[in-house]
Amino acid sequence: MRLLDLLFPERRNSAVIAKDRLKIVLAHERASRDAPEFLPALQKDLLEVVGRYVEICDDTLRVNVGKSADTSLLEINVEIDRSKVKPVNNGAAPRPRPRPIVRLDPESQAPWVKPG
Amino acid sequence: MAKVIVLTSGKGGVGKTTSAAAIAAGLALRGKRTVVIDFDVGLRNLDLIMGCERRVVFDFINVINGDAKLNQALIRDKRNDNLYVFPTSQTRDKEALKRDGVERVLDELKENFDYIVCDSPAGIEHGAITALYFADSAIIVTNPEVSSVRDSDRIIGILASKSRRAEHNLDPVEVHLLLTRYSLERVKKGEMLSVEDVKEILSIPLLGVIPESESVLKASNTGTPVVFDQESPAGRSYLDAVARFVGEQREMRFLQPERRSIFRSLFGRA
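Chains as they are written, first to last, in my numbering: chain A, 1 to 116; chain B, 117 to 386.
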């Protein structure tokens, strides 16, 4: 057995594979278990903002909240495909799509204007 | 003050009931007044493992519903006066295990016992959550195998968030790892996760390692908690685990290959 391992060092024993797989799956599950409630919403917003510059799909953006000692760490991972970077006007960000303004009563003031 | 211990695992078939019976009997052998409760409503089995299946008259649900008194339902073990078994009901209504009813029964038991050992059902449904809810200590029964380790991690998370201690901001439930069905030979061959691997992954303190042993099946066949078998490596490992649980220092046994005399290897038992 030992000799085989020396001859074929890439053949890892199954216990090592089990340990590595568990570490990865548990790291992921623990992160989502302890995640704050706003995380899915944050992920959605980030996807929208980053998506203005590059084409990304849902599974290439991951948001995690981790902890090391006293500090909480917000970790954002985005995988980008270089070929799918969107064109940028003169170095400025592409404009967001204008949001339709909905006014129920055209005579009334906008809700953010304080009444005199 | 009585201590409530839950044996839980998430995954089924890892040895929760065997371990609950062994640990309760081990505590009783140390002179502690101990009751072991079956929380697996509808799938009663602790009575068989404890060898008192023919003495069940009233059960946990009867007592919760007020149809029987606690002392009518408790079964005193014939081998040890400190040990009592509290069987569960075979009803199919899983929700019969009402939390306030369970609390009332546990409070009454606390007046008469040093240790209340709760044998949890598998899974993370109502029964399992009720079993762990009132725990002061939890013994996480785990096999050195990927699905068991993963489910243990999940249960540890649930203990930290859903238990009474978590909900009331009390000291957290003390968690202990009990690694069962361990085969040193297979670990040496690289076919099985080692104690160190599981400890590292779950990062909770180790209470004991129970070697895979023929004596466990023999014990369940005869309805005898395995600690009553002095010859059994599993039985001795459970007794060590109980000693550690009450605060004694014990070395881990059966984690090194045994040096066997020629006589023993020729004639001795494994």
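We put the beta carbon where it would ideally sit given N, CA and C, even for glycine. This one's a predicted model, so the numbers in the text were calculated from it and none came from an experiment.
Within 8 angstroms of any Cβ in chain B, is that where the Cβ of residue i sits?
i, result
"A/E37", "no"
"A/N13", "yes"
"A/V16", "yes"
"A/V25", "yes"
"A/R52", "no"
"A/K19", "yes"
"A/L42", "no"
At least one CB of chain A closer than 8 angstroms to the CB of residue i: is that the case?
i, result
"B/A386", "Residue confidence is low: B/A386 scores 46 on pLDDT, short of 50, so the model does not pin down where it sits. Its coordinate-derived value is still stated next. Judged by the 8 angstroms Cβ criterion, B/A386 is not in contact with chain A."
"B/I317", "yes"
"B/S310", "yes"
"B/V130", "no"
"B/G182", "no"
"B/G306", "yes"
"B/D313", "yes"
What does a CB cutoff of less than 7 angstroms around residue i pick up in its chain, not counting 5 residues either side in sequence?
i, result
"B/S329", "S348, P349, A350"
"B/V130", "V257, T258, N259, S264, T296"
"B/V332", "T134, V342, A350"
"B/R171", "I191"
Which residue's Cα is closest to the Cα of residue i: the options?
i, options, result
"B/F370", "B/N337, B/R297, B/I272, B/C234", "B/R297"
"B/I180", "B/S253, B/L293, B/V233, B/D216", "B/D216"
"A/N77", "A/S68, A/N64, A/K86", "A/N64"
"A/K19", "B/A282, B/G182, B/E307, B/D287", "B/E307"
"B/F202", "B/I317, B/A247, B/F155, B/S299", "B/F155"
"B/T207", "B/R160, B/Q188, B/L248", "B/R160"
"B/R192", "B/P321, B/R149, B/L286", "B/R149"
"B/T124", "B/A247, B/N196, B/D209, B/R170", "B/A247"
"B/G126", "B/R281, B/L222, B/L300, B/S268", "B/S268"
"B/H242", "B/A212, B/N228, B/I153, B/E316", "B/A212"
"B/G339", "B/A141, B/G158, B/I165", "B/I165"
In chain order, what residues of the same chain have a beta carbon less than 8 angstroms from the beta carbon of residue i, not counting five sequence neighbours either side?
i, result
"B/V314", "T258, P260, V265, L293, L295"
"A/L61", "Q43, L46, L47, V50, I76, N77, V78, E79"
What whole-angstrom Cβ distance do residue i and residue j have, given they're in contact under 8 angstroms?
i, j, result
"B/D230", "B/A118", "6 angstroms"
"B/A254", "B/V289", "5 angstroms"
"A/A27", "B/L309", "With 8 angstroms as the limit, A/A27 and B/L309 do not qualify as a contact, their Cβ atoms being about 17 angstroms apart."
"B/R195", "B/V358", "Not a contact, Cβ separation roughly 16 angstroms."
"B/A136", "B/L162", "7 angstroms"
Beta-carbon of residue i versus every beta-carbon of chain C: anything under 8 angstroms?
i, result
"B/L300", "Here the protein chains are A and B, and chain C is not one of them."
Leaving out the 5 sequence neighbours to the left and right, which residues in its chain are closer than 6 angstroms to residue i when beta-carbon positions are compared?
i, result
"A/G116", "With a pLDDT of 47 at A/G116, under the threshold of 50, the modelled position of this residue cannot be trusted, and the question is left open."
"B/V120", "I232, F250, A251, D252"
For the stretch 252–272 of chain B, enumerate the residues whose C-beta is nearer than 7 angstroms to any C-beta of chain A, in chain order.
V262, V265, R266, D269
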